[in-house]
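Visitor: Take a look at the following structure, please.
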Amino acid sequence: MLPTRGYAVHSPTDNLAPFDFERRELSPTDVLITIDFCGVCHSDIHQVRGEWGNSIYPMVPGHEIVGRVTAVGAEVTKFKIGDHAGVGVAVDSCRECNNCRADYEQHCEKGSVGTYNSTEMDRVTPTYGGYSSQIVVQEHFALRITETENLAAVAPLLCAGITTYSPLKRFGIKAGQKVGVVGLGGLGHLGVKFAVSMGAQVTVFSTSPAKKDDATRLGAQHFVVSKNADEMTPLASTFDFILDTVSAPHDINVYLNLLRLNGAMVQVGIPEKPMEVAAFSLVVNNRSLAGSGAGGIAETQEMLDYCAEKGIVSDIEIIPMSRIAEAYDRTVKGDVRYRFVIDMSTL
Numbered sequence: 004m005l006p007t008r009g010y011a012v013h014s015p016t017d018n019l020a021p022f023d024f025e026r027r028e029l030s031p032t033d034v035l036i037t038i039d040f041c042g043v044c045h046s047d048i049h050q051v052r053g054e055w056g057n058s059i060y061p062m063v064p065g066h067e068i069v070g071r072v073t074a075v076g077a078e079v080t081k082f083k084i085g086d087h088a089g090v091g092v093a094v095d096s097c098r099e100c101n102n103c104r105a106d107y108e109q110h111c112e113k114g115s116v117g118t119y120n121s122t123e124m125d126r127v128t129p130t131y132g133g134y135s136s137q138i139v140v141q142e143h144f145a146l147r148i149t150e151t152e153n154l155a156a157v158a159p160l161l162c163a164g165i166t167t168y169s170p171l172k173r174f175g176i177k178a179g180q181k182v183g184v185v186g187l188g189g190l191g192h193l194g195v196k197f198a199v200s201m202g203a204q205v206t207v208f209s210t211s212p213a214k215k216d217d218a219t220r221l222g223a224q225h226f227v228v229s230k231n232a233d234e235m236t237p238l239a240s241t242f243d244f245i246l247d248t249v250s251a252p253h254d255i256n257v258y259l260n261l262l263r264l265n266g267a268m269v270q271v272g273i274p275e276k277p278m279e280v281a282a283f284s285l286v287v288n289n290r291s292l293a294g295s296g297a298g299g300i301a302e303t304q305e306m307l308d309y310c311a312e313k314g315i316v317s318d319i320e321i322i323p324m325s326r327i328a329e330a331y332d333r334t335v336k337g338d339v340r341y342r343f344v345i346d347m348s349t350l
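Quick note on the working numbering: the sequence shown kicks off at 4 and runs consecutively.
The structure is reproduced here in structure tokens:
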């Protein structure tokens, strides 16, 4: 077994604290990644605090992992020692079901294995995430990262990046289409970057007028304060696609009404309580409402390669591990531009 340092919580009311544990020895198809950086995802906070009701303790969070390969199993072909590599939201699946064969490992019919707050396929062994010094993962679930001087800013792409890229790609966003992005946070700012890179005409919807300059800097052509009816009303039935990244309670019907005939809205933010939908608005205008969760390994690799080609990374604030409690509080308050990333050398 491989002694590993990490940070964990032991109950929903605990603060993250040092935690020593063991990673498995490498199998012939495993790689060992020394973790350089790990992004802080809002879902880390939900799960650490038990807000989704499925938390397993002790918990080592983190599924936006980047680092270097420091050992490989005898049968590994995709990586060599010294390569940059990443790990996202899943570290295993059955790889035999219809969903896995269609490259949707995150939707494995037998239950995918989350990078943390989950169990291995034996349904007994807990998984521990990226707030740690190293991770062992099967090469199929490790992702190649192009050599870059800004490795820390790649980390959030492993969750926030694929979460926003996947629906834009799936719905075929192309040049000239009108795309709205609801919320300008960790997810939203990457949604803007992706939509702009695809040639869309992008409008950012935010409750905060102070984010207008950032929206413009990120490439959005328009900015709308969603609380202002005078700005919202003229936009009815004008958008081809809307990406809703907001997890706070909000009325999604306001945005559904902005879709033109056959328009689509995809929800990637996860509000804590159920949302009401006015079916009439969907039915009479052939509008679609869908959800989207992360992406499979092939699509995540495609996204990383696309980002390398287009020069897309996350806007980040690097923190030492000692500031993780502050980072959680500020993330909940929306006080980060736009993603915290932990420097794991400070573990």
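We treat Cβ as the ideally placed atom computed from N, Cα and C, and that holds for glycine.
Once you ignore the five residues that flank residue 281 on each side, which residues in its own chain have a CB closer than 8 Å to its CB?
Guide: Result list for residue 281: 256 and 259, in chain order.
Visitor: Under a Cβ-count criterion, where at least 16 other Cβ atoms within 10 Å of its own Cβ denotes burial, should residue 295 be classed as buried or exposed?
Guide: Classification of residue 295: buried, given that the 10 Å Cβ count is 16 or more.
Visitor: Would you mind giving the Cβ-Cβ distance between residue 135 and residue 32, rounded to the nearest angstrom? I have them listed as a contact below 8 Å.
Guide: Going by Cβ atoms, the distance from residue 135 to residue 32 rounds to 21 Å, so no, they are not a contact pair.
Visitor: Counting pairs of beta carbons, one from the stretch 318-337 and one from the stretch 99-107, are three or more of them closer than 8 Å?
Guide: Judged by Cβ distances under 8 Å, the stretch 318-337 makes no contact with the stretch 99-107, as fewer than three pairs qualify.
Visitor: Where DSSP assigns a beta bridge to residue 181, which residues make up the other side?
Guide: According to DSSP, residue 181 bridges with 204.
Visitor: Measuring CB to CB, does residue 266 end up less than 8 Å from residue 283?
Guide: No; because the gap between Cβ atoms is not below 8 Å, this pair is not in contact.
Visitor: When the distance is taken between beta carbons, is residue 263 closer than 8 Å to residue 291?
Guide: Not a contact, by the Cβ cut-off of 8 Å.
Visitor: Output the distance between the C-alpha atoms of residue 332 and residue 58, rounded to the nearest integer angstrom.
Guide: Roughly 19 Å between the two C-alpha positions.
Visitor: Between residue 25 and residue 248, what straight-line distance do the alpha-carbon atoms span, to the nearest angstrom?
Guide: So the two alpha carbons sit approximately 36 Å from each other.
Visitor: Would a check of beta-carbon distances place residue 168 closer than 8 Å to chain D?
Guide: Checking the listed chains, one finds no chain D in this structure; it contains a single protein chain.
Visitor: By the three-class DSSP mapping on this structure, what secondary structure does residue 98 have?
Guide: Three-state DSSP puts residue 98 in coil, outside helix and strand.
Visitor: Would a C-beta distance cut-off of 8 Å place residue 158 and residue 42 closer than the cut-off?
Guide: In this structure, residue 42 lies closer than 8 Å to residue 158 by Cβ.
Visitor: Nearest by alpha-carbon distance to residue 70: which of 53, 150, 123 and 9 is it?
Guide: Residue 70 has its Cα closest to that of 150, out of 53, 150, 123 and 9.
Visitor: Whole angstroms are fine: how far does the CA of residue 161 sit from the CA of residue 303?
Guide: Whole-angstrom Cα-Cα distance: 7 Å.
Visitor: Alpha carbon to alpha carbon, what distance is there between residue 109 and residue 235?
Guide: Spanning the two alpha carbons is a distance of roughly 36 Å.
Visitor: What are the boundary residues of the alpha helix (DSSP H) that residue 327 is part of?
Guide: Where residue 327 is concerned, the enclosing alpha helix (DSSP H) stretches over 327-336.
Visitor: Whose C-beta lies closer than 7 Å to the C-beta of residue 13 among residues of the same chain, with five residues either side of it excluded?
Guide: For residue 13, where only same-chain residues beyond five positions count, the Cβ hits under 7 Å are 60 and 61.
Visitor: DSSP three-state label for residue 301, please.
Guide: Three-state result, residue 301: helix.
Visitor: Give the C-beta separation of residue 87 and residue 154 to the nearest angstrom, bearing in mind that I take them to be a contact with Cβ-Cβ under 8 Å.
Guide: The Cβ separation is near 7 Å, so the contact holds.
Visitor: Looking at the structure shown, is residue 74 part of a helix, part of a strand, or coil, going by DSSP?
Guide: DSSP places residue 74 in strand when its eight states are reduced to three.
Visitor: Could you please give the first and the last residue of the uninterrupted alpha helix (DSSP H) stretch that includes residue 233?
Guide: Note, residue 233: alpha helix (DSSP H), 232-235.
Visitor: In whole angstroms, what separates the C-alpha of residue 349 from that of residue 124?
Guide: Their backbone Cα atoms lie some 32 Å apart in a straight line.
Visitor: Hey, which unbroken runs of the alpha helix (DSSP H) at 4 residues or more fall wholly within the stretch 240-313?
Guide: As far as the stretch 240-313 is concerned, its whole alpha helix (DSSP H) runs of at least 4 residues are 256-259, 282-287 and 300-313.
Visitor: Just confirm the distance between the C-beta atoms of residue 182 and residue 198, as a whole number of angstroms; I'd bet it's less than 8 Å.
Guide: That belief holds up - the Cβ atoms of residue 182 and residue 198 are roughly 5 Å apart, short of 8 Å.
Visitor: What is the C-beta distance between residue 242 and residue 261, in whole angstroms, given that I count them as a contact (C-beta under 8 Å)?
Guide: So it is a contact: roughly 5 Å between Cβ atoms.
Visitor: Enumerate, from N- to C-terminal direction, the unbroken beta strand (DSSP E) stretches of 3 or more residues contained entirely within the stretch 131-200.
Guide: Whole beta strand (DSSP E) segments, 3+ residues: 137-141 and 181-185.
Visitor: Would you kindly work out how many angstroms separate the C-alpha atoms of residue 307 and residue 194, rounded to a whole number?
Guide: Rounded to the nearest angstrom, the two C-alpha atoms are 14 Å apart.
Visitor: Assuming contact is defined by CB atoms lying nearer than 8 Å, are residue 347 and residue 38 in contact in what I supplied?
Guide: Cβ atoms of residue 347 and residue 38: closer than 8 Å.
Visitor: What whole-angstrom Cβ distance do residue 251 and residue 274 have, given they're in contact under 8 Å?
Guide: Indeed they touch by this definition, with Cβ atoms about 7 Å apart.
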